[in-house]
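Enquirer: Can you keep this structure in mind? I'll have questions shortly.
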Amino acid sequence: MNLSTEALTQHMPHVNVVINTTNIGLSPEVERTPLDSVLLRKNLLVSDIVYNPIRTRLLRDAEEMGCLTLSGVGMFVNQGGEAFKIWTGIDAPVKEMREIVEQFLLDKQ
Numbered sequence: 058m059n060l061s062t063e064a065l066t067q068h069m070p071h072v073n074v075v076i077n078t079t080n081i082g083l084s085p086e087v088e089r090t091p092l093d094s095v096l097l098r099k100n101l102l103v104s105d106i107v108y109n110p111i112r113t114r115l116l117r118d119a120e121e122m123g124c125l126t127l128s129g130v131g132m133f134v135n136q137g138g139e140a141f142k143i144w145t146g147i148d149a150p151v152k153e154m155r156e157i158v159e160q161f162l163l164d165k166q
């Protein structure tokens with residue numbers, strides 16, 4: 058797939074969901090973003106699998122443009138919960154895990 062700026066500019070008007078599955082924007086390079094904010098538009102759903110920081114530059118830019126956003130914390134926590142269950146046979150306390158992860162990440166900022 059061609060992800061050049063020209064190709065993205067051409068395809069973005071037809072896109073409803075953008076998911077960043079790269080490590081671009083991961084701490085400590087928190088000001089990097091995989092997508093120029095001029096390509097974002099209102100009501101686009103933007104998800105960033107990066108969880109540290111919780112609000113990546115991509116998500117902040119998307120919020121400013123009126124997009125719906127989803128951080129990577131949910132995937133991080135739920136993957137951990139599934140791994141916990143595989144290893145222990147016990148359901149993980151996912152709600153509590155999420156609260157702890159979010160508080161830890163917020164305290165780091």
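First residue of the sequence shown: 58, per this note's numbering; consecutive thereafter.
We put the beta carbon where it would ideally sit given N, CA and C, even for glycine.
(1) Using three-state DSSP, classify residue 93 as helix, strand or coil.
(2) Among 166, 83 and 118, which one has its Cα closest to the Cα of residue 75?
(3) Give the straight-line distance between the Cα atoms of residue 81 and residue 91, rounded to the nearest whole angstrom.
(4) Below 7 angstroms CB to CB, which residues in the same chain sit around residue 79 once its five sequence neighbours on both sides are set aside?
(5) Since residue 105 is in the beta strand (DSSP E), which residue starts that stretch and which ends it?
(6) Between the alpha carbons of residue 136 and residue 128, how many angstroms are there, rounded?
(7) Return the chain-ordered ranges of every alpha helix (DSSP H) run that is complete within the stretch 111-144 and spans a minimum of 4 residues.
(8) At which residues does the beta strand (DSSP E) containing residue 157 begin and terminate?
(9) Quick one, which of 63, 147, 141 and 160 has its alpha-carbon nearest residue 130's?
(10) Looking at residue 94 and residue 122, is the spacing between their C-beta atoms short of 8 angstroms?
Expert: In short:
(1) coil
(2) 118
(3) 6 angstroms
(4) 91
(5) 102-105
(6) 14 angstroms
(7) Listed in chain order, the complete alpha helix (DSSP H) runs (minimum 4 residues) inside the stretch 111-144 are 114-121.
(8) Annotation: residue 157 is outside any beta strand (DSSP E); the continuous alpha helix (DSSP H) that includes it extends over 151-165.
(9) 160
(10) yes
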